[in-house]
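Each residue of the sequence shown is one higher than the one before, starting from 24 at the first, in our numbering. Some notes on the structure that comes next.
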Amino acid sequence: MTRDADENFFGHRRFLWLWAILLALTGLAGGYLYNKPIGGRNGGTRLGLIYGAIATAGIAFLMWYGVRKRYSYASGSGTLKGWLSAHVWIGVALGLLVPLHSGFHLGWNVHAAPYLLMLATIASGIWGAYAYVSMPSRMEARREGLSLRRCATEIETIAKSMAALASDKSSAFSALAARVTVPFNPSLVRILFLERYVLKEEELSSLLASLPKHEYQDGLELTRMGARRLHLCNTAVAEASALARMRIWLYLHLPMSFACVAAVVAHVFWALSFRSSAR
Ligand code: HEM
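Set out below in structure tokens:
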């Protein structure tokens, strides 16, 4: 039996929203096939207008998610996960509902803009939702159960142990210590483009070879600590990179959704004023 906490938002409450949407779409498709208006199916028939109104309400609901997420995180009805589940499935369903509204007519005119913008928003949403679902598990595997904060603390702790090991040693040992203790202050470019820290094996070998014999074992230990620290640095950068990319994605999905709303408003306004002037 799957517990709700283990499910991601796609499968929230045993795919409750997916089932609800499939049921609703089946009913709406049935209504569409049953209805045979004079002049053919299009967005201006009674059923076309009803479906258009449902689609508009759907978009309003999707936009409300942004408000729900920001301003009533701890209060309000339902969990945020449930809301996101509804958001995702209703969003996908709109891609099918709008053609039912327009009678599958899509011309190269002003009315195509809201639909195309909506499809682009849906596509970006699907990509983002997939990234959301796959990212945490990937990050957890990379972190070996460490949080980003604990990762940074451990990087610092290892650096201190390395400095302690290198104190009162030869200048060759100090050179090795300086090389293996990579400075961890990742730039924005490193985070965004996921540039990993690297230590060249040949360089390390020659630095190790230059050590006085009695410092060689400590040199090996220092290299091992450096490698562990480097691994943690790269883990932290990879995680920060994933988080930054998700943020950038959201800044794409959000303006797209607003553009879609603006196009829908223009479409509704145009269609309704055209209808009233045609009477
Ligand atoms: C016309 C279609 C859509 C509109 C208008 C829309 C709109 C929005 C809005 C307003 C937000 C809130 C952003 C914020 O304030 O931070 C959002 C977030 C999101 N949307 Fe959509 N969306 C649409 C379709 C979809 C689809 C189809 C999916 C996935 C299949 C999706 C997945 C997401 C995800 C994953 C988030 C981020 C959730 C979070 O950070 O909590 N969206 N969307």
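Using N, Cα and C, we set each Cβ at its ideal position, and we do this for glycine too.
Considering only residues of the segment 104-173, which uninterrupted alpha helix (DSSP H) runs meet the minimum length of 4 residues and lie entirely inside it, listed in chain order? 135-166
Alpha-carbon to alpha-carbon, residue 268 and residue 86: 22 Å
Tell me whether residue 271 is buried or exposed, calling it buried when 16 or more other Cβ atoms sit within 10 Å of its Cβ. Under this definition residue 271 is an exposed residue.
Please work out which residues of its chain come closer than 7 Å, Cβ to Cβ, to residue 174, disregarding the five sequence neighbours upstream and downstream, and give them in chain order. 166, 255, 258 and 259
For residue 248 and residue 230, the rounded distance between their alpha carbons: 15 Å
Between the CA atoms of residue 204 and residue 283 - distance to the nearest angstrom: Spanning the two alpha carbons is a distance of roughly 50 Å.
Mind listing which residues have their beta carbon within less than 6 Å of any non-hydrogen atom of ligand 1? Chain order is fine. 82, 85, 86, 88, 89, 92, 107, 110, 111, 114, 115, 117, 141, 144, 145, 148, 149, 151, 152, 155, 273, 276, 277, 280 and 283
Looking at residue 103 and residue 145, is the spacing between their C-beta atoms short of 9 Å? no
Applying the criterion that 16 or more other CB atoms from any shown protein chain within 10 Å of the CB defines a buried residue, is residue 124 buried or exposed? Counting Cβ neighbours within 10 Å, residue 124 comes out buried, since at least 16 surround it.
Compare the Cα-Cα distances from residue 181 to each of 75, 153, 253 and 264 and report the closest residue. For residue 181, the nearest C-alpha among the options comes from 253.
Using a Cβ-Cβ cut-off of 8 Å (strictly less than) and excluding sequence neighbours within five positions of residue 147, which residues of its own chain qualify? 272, 275, 276 and 279
Which residues in the same chain have their Cβ closer than 7 Å to the Cβ of residue 197, if we skip the five residues on either side of it in sequence? 189
Contacts around residue 55, its chain only, beta-carbon distance under 6 Å, and the 5 residues preceding and following it disregarded: Answer for residue 55: 123, listed in chain order.
Assigned exposure category for residue 186 - 16 Cβ within 10 Å defines buried: exposed
Assigned exposure category for residue 52 - 16 Cβ within 10 Å defines buried: exposed
Using a Cβ-Cβ cut-off of 7 Å (strictly less than) and excluding sequence neighbours within five positions of residue 264, which residues of its own chain qualify? 214, 215 and 217
Pull up the distance between the alpha-carbon of residue 69 and that of residue 115, whole angstroms please. 24 Å
Residue nearest to residue 126 in terms of C-alpha spacing, selected from 210, 281, 285 and 72: 72
Just to confirm the assignment, what range does the alpha helix (DSSP H) spanning residue 228 have? Counting along the chain, the alpha helix (DSSP H) containing residue 228 begins and ends at 224-232.
Using C-beta distances below 6 Å, list every residue in its chain close to residue 74, excluding the 5 sequence neighbours before and after it, in chain order. If we look at residue 74 and ignore the five residues flanking it on each side, its Cβ neighbours are 123 and 124.
CB-CB under 6 Å to residue 81, same chain, minus the five flanking residues each way: which ones, in chain order? 113 and 117
Pairwise C-alpha distance: residue 50 and residue 120: 11 Å
Between residue 207 and residue 221, what straight-line distance do the alpha-carbon atoms span, to the nearest angstrom? About 12 Å.
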